[in-house]
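Novice: Numbering of the sequence shown is given in our numbering, commencing with residue 1245 and proceeding in unit increments.
Each residue gets a CB set at the ideal place from its N, CA and C atoms; glycine is no exception.
Everything numeric in this text was worked out from a predicted model, so none of it was measured.
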Amino acid sequence: MPRRRGLPSSGPRCLPWAARSFWRYRSVEATRMSMPFASLLPGAARSAFELAASLAADAHPYVVGGAIRDLLLRRRVKDLDISVEHGAAALGRSIARSLGGSFFFLSEGPDGGGHRGEVAVRVVAPGHRGGLQIDVTERPGPVEDDLRRRDLTINAMAIQPDAVTLLLSATQQPDEVPLVDPCGGLADLRARLLRPPLPIAFVADPVRVLRTVRFMASLAFALAPGVDELLRAAAPFLPNSAPERLRDELMCILDCPGAAKWLRLLCALGALHVLLPELDGLPRPTRSHTLRSVAALSGPAVWRCLPADLRPAATAYLRRAASPLYSQAAVLRLALLLHHVGPLAGATSTGTMGQRSACAVAACRRLRLPSAAVAAVRASVRYWELPCKTPLTTPTALLRAYRSTGRHSAAVALVALAHVCAGGDLGAAMEGQEDAVQSCLALLRASLLPGCAPRPQAIVSGADLMRELGIPPGPVVGRLLGSIEEAQVGGRVTTPADAIDLARSLLRGTHAGS
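Right, here's the structure in full:
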């Protein structure tokens, strides 16, 4: 195998930071290829196969789709599709009872596309990293017809359940077990190519445009010749799909460390601007900077900016689960994708902060993002300019920024840092951004490191102020407490008496001004 340009052959210690992820990827792939097949399939899946083979033999059950693909790729199976001629509900209930799982009916087919007249049920079996998902679907005709309706040939293979159990208990390799493969999926799997079983597959279910790009990202597969044109033709129909399905696919793409590459592909296919029409108003330089910002979040520039004490905490924050499907990093990449949108999009003075964040929030709600993710995007888009343009070099300035950004201060700091590392204000050199970098790091440290939060312990309460000053409850009390807090971190207030005196003088000034 020819040596890859730019990568030394002496091992990962010699690799630059940006290349180490490639080395780790190859190491993971090598580990997968050496894993025994029995370890790739959870016990609940094997039990489901045995039940399908014994209880639904007259319904000609087949294991179809992604489980076959993953076994052939030596990847752990995360969910199962079982196709039967009839009796899907009865088999699903039997599997749920046997595994102690939950059972419910689906309104969509096994690929999420939905086929009228089909019965589809889902079983979620406990004990497998949050639950193994087993879909049982009735097919209206031969299994070959069912496979031809699927999204990609690599997901259009089937095997009888007893053949899978034989595979797991014998020395046979999976490609030696008889497969139902009417679309050439095994050949495409070996060639690492993605193609639909039928040219109409993407138009029939436009979400498959995003699924195909996601598979390119997660499997490191390429498009077969001509498939890009089929994807491009289907992209305009994306709005016809359920927003929740669009959200899940987009967020899984954004969860990839190389997300910017796949966003560029979605742009080229005409899909990204259909999903997020808010991006249409961005001038080309701003669009370029937006994608560089997305790339920077997990790139070497941000990593080099982070001091050693912040790297573990920042990594843990980005890896934190935002949903069962994606991490906090995906949410921040979405915020970066939207951080220039709004009236007169592209300039750093875009409208008001409120207008810009409102535009981003509208996009998030259209995609049915969870409320916690919407809140993180709202804060990030609203406040990313704060550490970029306001030096947070004094305790008072840091406290004000920390209070403004609230529980999303880490998200704001990381989005701002990625913006700066991507070229600052739409192309400004990093050399002129040292103050902005330090402000981002100060806010990030205050957010993530124990004991670094800038908020001091309160020395007076609102009740104390109301009693001592004779004022009623209301926003004035909150403003006075904020001023006392700022005076504390500035060293001007150290005792409760100091705090009461400061509040009294501020109150007099307010009355004098009125």
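What does the alpha-carbon distance come out to for the pair Leu-1454 and Val-1308?
Specialist: Answer to the nearest angstrom: the Cα atoms are 21 Å apart.
Novice: How is the alpha helix (DSSP H) around Leu-1762 delimited, first residue to last?
Specialist: Outside the displayed range of the chain (1245 to 1758) lies residue 1762, so it cannot be described from this structure.
Novice: Hey, could you find the ends of the beta strand (DSSP E) Asp-1323 is sitting in?
Specialist: Start and end: 1323–1328.
Novice: Can you pull the DSSP bridge partners for Leu-1467?
Specialist: Beta-bridge pairing links Leu-1467 to Leu-1438.
Novice: Quick one: what does DSSP say Ser-1278 is sitting in, helix, strand or coil?
Specialist: Because the pLDDT at Ser-1278 is just 49, under 50, the model does not fix this residue reliably, and the point stays unresolved.
Novice: Based on the DSSP secondary-structure assignment, which residues constitute the bridge partners of Gln-1599?
Specialist: DSSP, once it has assigned bridges, lists no residue as partnering Gln-1599.
Novice: Whose C-beta lies closer than 7 Å to the C-beta of Val-1518 among residues of the same chain, with five residues either side of it excluded?
Specialist: Same-chain partners within the cutoff: Ala-1479, Pro-1480, Leu-1482, Pro-1483.
Novice: Which residue spans inside the region 1287–1338 form an unbroken alpha helix (DSSP H) run of at least 4?
Specialist: Runs of the alpha helix (DSSP H) inside the region 1287–1338: 1287–1299, 1310–1316.
Novice: Name the DSSP bridge partner or partners of Thr-1381?
Specialist: For Thr-1381, which the question treats as bridged, DSSP gives the partners Ser-1327, Ala-1364.
Novice: Hey, out of Leu-1442, Ser-1691, Gln-1682, Gly-1667, whose CA is closest to Thr-1649's CA?
Specialist: Nearest of Leu-1442, Ser-1691, Gln-1682, Gly-1667 to Thr-1649, Cα basis: Ser-1691.
Novice: Taking only the alpha-carbon atoms, compute the straight-line gap between Ala-1756 and Arg-1748 and give it to the nearest angstrom.
Specialist: Confidence is the limiting factor: at Ala-1756 the pLDDT is only 46, short of 50, which leaves the residue's position unreliable, though a coordinate-based value still follows. The straight-line gap from Cα to Cα measures roughly 12 Å.
Novice: Determine the closest residue to Arg-1564 out of Ala-1654, Ala-1300, Leu-1442, with distance taken between C-alpha atoms.
Specialist: For the residues Ala-1654, Ala-1300, Leu-1442, the minimum Cα distance to Arg-1564 belongs to Ala-1654.
Novice: Within its chain, find whatever has a CB closer than 7 Å to the CB of Asp-1679; leave out the 5 residues flanking it on each side and keep chain order.
Specialist: Correct list, in chain order: Pro-1635.
Novice: Would you kindly check if the distance between the Cβ of Arg-1536 and the Cβ of Ala-1657 is under 8 Å?
Specialist: Not in contact: Ala-1657 and Arg-1536 (Cβ atoms no closer than 8 Å).
Novice: Restricting to Cα atoms, I'd like to know which of Arg-1394, Ile-1339, Asp-1389, Leu-1611 is closest to Pro-1370.
Specialist: Taking only the C-alpha atoms, the option nearest Pro-1370 is Ile-1339.
Novice: Under a three-way DSSP split, which group does Ser-1403 fall into?
Specialist: Note on residue identity: the sequence assigns Ile, not Ser, to residue 1403. Strand.
Novice: Looking only at its chain, what residues have a beta carbon closer than 7 Å to the beta carbon of Ser-1278, apart from the 5 residues adjacent to it on each side?
Specialist: Only weak support exists for where Ser-1278 lies, its pLDDT of 49 falling under 50; the coordinates are left without a value.
Novice: How about the region 1499–1519 and the region 1557–1576: do they share at least three Cβ pairs that are nearer than 8 Å?
Specialist: A contact exists between the region 1499–1519 and the region 1557–1576.
Novice: Cβ atoms of Gly-1598 and Arg-1626: under 8 Å apart, would you say?
Specialist: Yes; because the gap between Cβ atoms is below 8 Å, this pair is in contact.
Novice: Buried or exposed: Glu-1493, going by 16 or more other Cβ atoms within 10 Å of its Cβ?
Specialist: Result: buried.
Novice: Just list the alpha helix (DSSP H) runs in the region 1602–1653, keeping only unbroken ones of 4 residues or longer that don't cross its boundaries, in chain order.
Specialist: Counting only runs of 4 or more, we get 1615–1627, 1629–1633, 1639–1649.
Novice: Please classify Glu-1473 as buried or exposed, where buried requires at least 16 other C-beta atoms within 10 Å of its C-beta.
Specialist: By the neighbour-count rule (16 or more Cβ atoms within 10 Å), Glu-1473 is not buried but exposed.
Novice: Are there 16 or more other CB atoms within 10 angstroms of the CB of Gly-1336, so buried, or fewer, so exposed?
Specialist: So Gly-1336 ends up on the buried side.
Novice: Measuring CA to CA, which of Ser-1615, Leu-1284, Leu-1295, Ala-1445 is closest to Pro-1405?
Specialist: When each option's Cα is compared against that of Pro-1405, the closest is Leu-1295.
Novice: Taking contact to mean 3 or more Cβ pairs, one atom from each stretch, closer than 8 Å, check whether the region 1688–1704 and the region 1608–1624 are in contact.
Specialist: No: fewer than three Cβ pairs fall under 8 Å.
Novice: Whose C-alpha, out of Asp-1323, Ala-1303, Arg-1318, is nearest the C-alpha of Ala-1310?
Specialist: One point to set straight first is that residue 1310 is Gly, not Ala, in the sequence displayed. Gly-1310 has its Cα closest to that of Asp-1323, out of Asp-1323, Ala-1303, Arg-1318.
Novice: When the distance is taken between beta carbons, is Leu-1507 closer than 8 Å to Cys-1546?
Specialist: Residue 1546 is actually Val in this sequence, not Cys. Taking 8 Å as the Cβ cut-off, Val-1546 and Leu-1507 do not qualify as a contacting pair.
Novice: Is it buried or exposed, Leu-1613, if we count other Cβ atoms within 10 angstroms and call 16 or more buried?
Specialist: Buried.
Novice: Where DSSP assigns a beta bridge to Ala-1369, which residues make up the other side?
Specialist: According to DSSP, which records beta bridges pairwise, Ala-1369 is partnered with Leu-1376.
Novice: Pick helix, strand or coil for Ser-1542, following the three-state DSSP scheme.
Specialist: Residue state, collapsed to three classes: coil.
Novice: Considering only DSSP beta bridges, list what Leu-1350 is partnered with.
Specialist: Partner(s): Ala-1364.
Novice: My output table needs one value for Ala-1565: the three-state DSSP class, helix, strand or coil.
Specialist: Strand.
Novice: According to DSSP, what are the bridge partners of Ser-1571?
Specialist: DSSP, once it has assigned bridges, lists Ala-1565 as partnering Ser-1571.
Novice: How would you write the range of the alpha helix (DSSP H) that Ile-1444 sits in, first residue to last?
Specialist: Element bounds for Ile-1444: n/a, residue is neither H nor E.
Novice: Indicate whether Glu-1382 and Val-1328 have their beta-carbon atoms separated by less than 8 Å.
Specialist: Contact flag set, yes.
Novice: Is the region 1693–1710 close to the region 1735–1744, with three or more CB pairs under 8 Å?
Specialist: Output reads yes: the region 1735–1744 touches the region 1693–1710.
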